[in-house]
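Note that this note's numbering numbers the sequence shown so that position 154 is 1099, with each residue one more than the last. The block underneath contains the structure these notes are about, expressed in structure tokens.
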Amino acid sequence: MSEPDRLQLRIRPAARAIVTDPRRRVLMVHFDFPADNLPTGLWACPGGGLDPGESVEAGLVRELREELGLDVVDPGRPVWVKEHVFAMTRWDGQHDTFFWLDIDAFDPRPTFTETELRAENLDGVRWWPYEEVMAAQRLYDGGATEHPGYVTFTPRRFGHLLADLFRHGRPTEPLHLPDL
């Protein structure tokens, strides 16, 4: 896509959190998009689109309260950014800013009702042990999409990116992820 074409796109700004605990588990939300060709749905970091005029940090705080019932005062600085061009109802893609929250484990209790969550295609929340994330990543890397343990994460290289965070800690500048 040429740069002038890219400038014409309506890109949705969004904020997401990589929520980990001391046991090296990561809290993910599950989306089931009816029109997607993803038979197992999509596991993603909690978060979502910003409201008009909302900062990335304020949007993240709001989204985490809605989806998880988690109150965050200061999300810190971003660790990843990703722009993904794809067809959405009102948008041509999304620009995600990811923050890393390493916190004590908790039981998610969304402030949104189940109906409100389903309206956003969100149908589950789960703490994933790091080892399970990496096992799923190996299946994805190997193209084993028919394997019963296959799941789809976003970003697609999520396991490798999480491993880098655990190994090297918070980067000094956000890592720019490829459009995957």
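All residues carry an ideal CB built from backbone N, CA and C; glycine is no exception.
Below 7 Å between beta carbons: does that hold for residue i and residue j?
i: HIS1040; j: PRO958; result: yes
i: LEU1005; j: ALA1050; result: no
i: HIS1113; j: VAL1026; result: no
i: ALA989; j: THR1097; result: no
Roughly how many angstroms separate the alpha carbons of residue i and residue j, rounded to a whole number?
i: LEU1013; j: TRP1072; result: 12 Å
i: THR965; j: LEU954; result: 33 Å
i: ARG1007; j: GLU1028; result: 21 Å
i: ASP1016; j: PHE1057; result: 14 Å
i: PRO1116; j: ASP1068; result: 32 Å
i: THR1042; j: ASP977; result: 22 Å
i: PRO967; j: ASP1047; result: 7 Å
Return the Cβ separation of residue i and residue j in integer angstroms, given the expectation that the two are a contact with Cβ distance under 8 Å.
i: ILE963; j: VAL1018; result: Wrong, their Cβ atoms sit about 17 Å apart, outside the cutoff.
Return the chain-ordered list of same chain residues with a C-beta closer than 6 Å to the C-beta of residue i, the five sequence neighbours on each side being excluded.
i: PRO1074; result: ARG970
i: GLN1082; result: GLY1104
Looking only at its chain, what residues have a beta carbon closer than 8 Å to the beta carbon of residue i, apart from the 5 residues adjacent to it on each side?
i: PRO1053; result: LEU972, GLU1012, LEU1013, GLY1014, LEU1015 and VAL1070
Original post:
Pairing CB atoms from the stretch 987 to 997 with CB atoms from the stretch 1104 to 1120, are three or more of them under 8 Å?
Top reply: no
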